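Undergrad:
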Amino acid sequence: MKSSVIGLGKLGLPFALFLASRGQKVICFDKNKKILDLLLKKRSPYIEPKTLKYLREYNKKIFVTKDLNQLVYGSNLTHLVLPTPSLKNNSFSNKYLIECLEELSVALLKKRNTQHIINITSTVMPGSCKNIFTKIMESKNLKNNKDFLITYNPHFIAQGTTIYNLENPDFILIGSDNKKSEKLTSYYKKIYNNKVKISLLNTMEAEIAKIAINSYITTKITFSNFISEICQNTKNVDASSILNTIGKDHRIGNSYLGVGTKYSGPCFPRDNKALHYFIKGKTKNSLPNFIDKINNEQTKRLLEMLKEIIKKEKIKKLAIGVYGLTYKDKTSIIKDSQSYDLIKSLRFNYRETFNVYDENVKPSQKYLKNKKLIYFKNLRDFIQSNKIIFLMYANQKIEREIIKYKDKIIIDCWDRIEEKKTNSKIFKLGKKIL
Ligand SMILES: NC(=O)c1ccc[n+]([C@@H]2O[C@H](COP(=O)([O-])OP(=O)(O)OC[C@H]3O[C@@H](n4cnc5c(N)ncnc54)[C@H](O)[C@@H]3O)[C@@H](O)[C@H]2O)c1
């Protein structure tokens, strides 16, 4: 099959590069001309690991075009990786996909009879492929299964490890309402050298499975936070040890069982909320909604901890530093991250200026200016300037550096620092302050 990718965003570009690295020639299109111009100069718009390296290494396989007709004629499988932003009611908007399908239909009408596969990679609400996208294409006089076929094929990746995750999937999920979807199945078998499990469902099943997987993970994280909260209020017990033990049971497994902050980022919260929206009227109780509520309580635990620490240590002058603004290392997404929430609460409760450090964030980012945060460019300066430091995501660089100091108060949210390795005071989320 001849591949093309429309939408070269945080998922689309790494995906196109991954395909290129597996020998596919990929025609790439994005309506944002700045992205295309950067790619033509072999520069990556994102900090995502491996992206720049692959862009340089597999450049000969990547064909950037500014013309959709060229893309349609040059390929017979188009992956659509467009935004599907959450609406106020928590369902996903199909606006960008519909706009693009309408544009594609014009080119496809000229091509006809080649069964061009339009493979939706964006996360969509259940029912979208069959009830909306297919019908739109049919309304343009294109024949389903003959001129086009809509399939659903989300990928399970996390920012910061996108290409790694694409290279090492647990399985490939394909949703198709055409029994003969072997073209897409053999496409992936070839890409993965026959070493991949493929789950073939109908489109609606696949659309439900995608958001349900993320919702299940949010449930597991919330369970970890529940154990962590119990331990925080119980003397002489350690949440990490308990969670680690629970995870040894093969029916449960260790992933996402550990001490940490709330879940955040661009996928988990929104997929969980979308599942809540989708099940309205279908179930008596909404597990996703309950999980969401508990998650929204998590930052309060950090604030309560801080209050207790300030009292216990008799701290008069508050010099508070927040390490990590994004929702995890190696990404630049700040919106709704655990720190975003924490900083909002800190400002509300203390009305102080806060010092922040995050290598993944450019000082020019609007968020920093709007919140009047003091942004440090140097890690040591940041550590030296603060008495209390929140470690909001795992990062070895700060973990190695901070233990060298002896007069700091470290709020270790991810249980990363060994207390005996430092003379500073460590307070861990999930451990009672004694
Ligand atoms: N980024 C992730 O971690 C991730 C993970 C899993 C699923 N997803 C899903 O993948 C989809 C894309 O996410 P993303 O993070 O890559 O989004 P993004 O906003 O980073 O990128 C989307 C790109 O699509 C382009 N675009 C919009 N309309 C277009 C059109 N009509 N024609 C051509 N290009 C157009 C934009 O210019 C942008 O470059 C979303 O549905 C998201 O939920 C993302």
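Once you know that position 60 of the sequence shown is 241 in this note's numbering, the rest is easy, because the numbers rise by one and skip nothing.
Just so you know, even glycine gets a beta-carbon here, dropped at the ideal spot from N, CA and C.
Computed from a prediction, not measured in an experiment: that's the story for all the values here.
(1) Hey, how far is the Cα of residue 567 from the Cα of residue 479?
(2) What is the residue span of the beta strand (DSSP E) that residue 542 lies within?
(3) Would residue 356 and residue 281 be called neighbours here (beta carbons separated by less than 8 Å)?
(4) Are at least three pairs of beta-carbons, each pair with one atom in the region 240-255 and one in the region 204-219, less than 8 Å apart?
(5) Below 7 Å, is the gap between the Cβ of residue 193 and the nearest heavy atom of ligand 1?
(6) Could you spell out where the alpha helix (DSSP H) holding residue 261 opens and where it closes?
(7) Put residue 330 into one of helix, strand or coil per three-state DSSP.
(8) When you measure from the CB of residue 277 to every non-hydrogen atom of ligand 1, does any distance come out below 7 Å?
(9) So, helix, strand or coil for residue 228, using DSSP?
(10) Among 466, 441 and 611, which has the Cα closest to the Cα of residue 410?
(11) For a test of the three-state rule: what should DSSP assign to residue 448, helix, strand or coil?
(12) In terms of DSSP beta bridges, what is residue 593 paired with?
(13) Does ligand 1 have even one heavy atom less than 7 Å from the beta-carbon of residue 338?
(14) Residue 431 by DSSP, collapsed to three states: which one?
(15) With residue 287 as the anchor, note down where its alpha helix (DSSP H) starts and where it stops.
(16) Report whether the distance from the Cβ of residue 211 to the nearest heavy atom of ligand 1 is below 7 Å.
(17) In angstroms with no decimal places, state the Cα-to-Cα distance between residue 431 and residue 407.
(18) Work out the CA separation of residue 385 and residue 307 for me, nearest whole Å.
(19) In this structure, does DSSP put residue 354 in helix, strand or coil?
(20) Compare the Cα-Cα distances from residue 615 to each of 368, 264, 418 and 569 and report the closest residue.
(21) Tell me the residue span of the alpha helix (DSSP H) that contains residue 310.
(22) In this structure, does DSSP put residue 502 in helix, strand or coil?
(23) Using DSSP with H/G/I as helix, E/B as strand and the rest coil, what is residue 381?
(24) From residue 499 to residue 535, what distance separates their C-alpha atoms?
TA: In short:
(1) By one-based count along the sequence shown, residue 567 stands at place 386. By one-based count along the sequence shown, residue 479 stands at place 298. In a straight line, the C-alpha of residue 567 is about 24 Å away from that of residue 479.
(2) For this step, residue 542 is matched to residue 361 along the sequence shown. Looking at the DSSP string, residue 542 is not in any beta strand (DSSP E), and its letter there is neither H nor E.
(3) Here residue 356 refers to the residue found at position 175 when the sequence shown is read from its first residue. Here residue 281 refers to the residue found at position 100 when the sequence shown is read from its first residue. No, these two residues do not count as a Cβ contact at 8 Å.
(4) At 8 Å Cβ cutoff, the stretches touch.
(5) For the purposes of this step, residue 193 is identified with residue 12 of the sequence shown, where counting begins at 1. In this structure, ligand 1 has a non-hydrogen atom nearer than 7 Å to the beta-carbon of residue 193.
(6) In the sequence shown, the residue the question calls residue 261 occupies position 80. Membership of residue 261 in any alpha helix (DSSP H) is not indicated; the residue belongs instead to the beta strand (DSSP E) covering 258-261.
(7) The residue given as residue 330 occupies position 149 in the sequence shown. Strand, per DSSP.
(8) Indexing the sequence shown from 1 puts residue 277 at position 96. True, at least one ligand heavy atom lies under 7 Å from that Cβ.
(9) One-based indexing of the sequence shown puts residue 228 at position 47. Residue 228: coil per DSSP, three-state reduction.
(10) For the purposes of this step, residue 410 is identified with residue 229 of the sequence shown, where counting begins at 1. The shortest Cα separation from residue 410 among 466, 441 and 611 belongs to 611.
(11) Indexing the sequence shown from 1 puts residue 448 at position 267. Residue state, collapsed to three classes: coil.
(12) Indexing the sequence shown from 1 puts residue 593 at position 412. For residue 593, DSSP records a beta bridge to 572 and 609.
(13) In the sequence shown, counting from the first residue as 1, residue 338 sits at position 157. Because some heavy atom of ligand 1 lies under 7 Å away, the Cβ of residue 338 counts as near it: yes.
(14) Within the sequence shown, residue 431 is the residue found at index 250, counting from 1. In the structure shown, residue 431 sits in coil (DSSP, three-state: anything other than H, G, I, E or B).
(15) Within the sequence shown, the letter at position 106 stands for residue 287. Residue 287 -> alpha helix (DSSP H) spans 276-292.
(16) Here residue 211 corresponds to residue number 30 of the sequence shown, with the count starting at 1. Indeed, a heavy atom of ligand 1 lies less than 7 Å from the Cβ.
(17) As a position in the sequence shown, residue 431 is number 250, starting the count at 1. As a position in the sequence shown, residue 407 is number 226, starting the count at 1. Rounded to the nearest angstrom, the two C-alpha atoms are 20 Å apart.
(18) For this step, residue 307 is matched to residue 126 along the sequence shown. For this step, residue 385 is matched to residue 204 along the sequence shown. When rounded, the separation of the alpha-carbon atoms in residue 307 and residue 385 is 5 Å.
(19) Taking the first residue of the sequence shown as position 1, residue 354 is located at position 173. Strand, per DSSP.
(20) By one-based count along the sequence shown, residue 615 stands at place 434. Check the Cα spacing between residue 615 and each of 368, 264, 418 and 569: the tightest is with 418.
(21) Numbered from 1 along the sequence shown, position 129 holds the residue referred to as residue 310. Unbroken run through residue 310: none, as it is neither H nor E.
(22) Locating residue 502 in the sequence shown gives position 321, where the first residue counts as 1. Strand, per DSSP.
(23) Within the sequence shown, the letter at position 200 stands for residue 381. Strand at residue 381.
(24) Residue 499 sits at position 318 when you count from the first residue of the sequence shown. Residue 535 sits at position 354 when you count from the first residue of the sequence shown. As the crow flies, the alpha-carbon of residue 499 is around 9 Å from that of residue 535.
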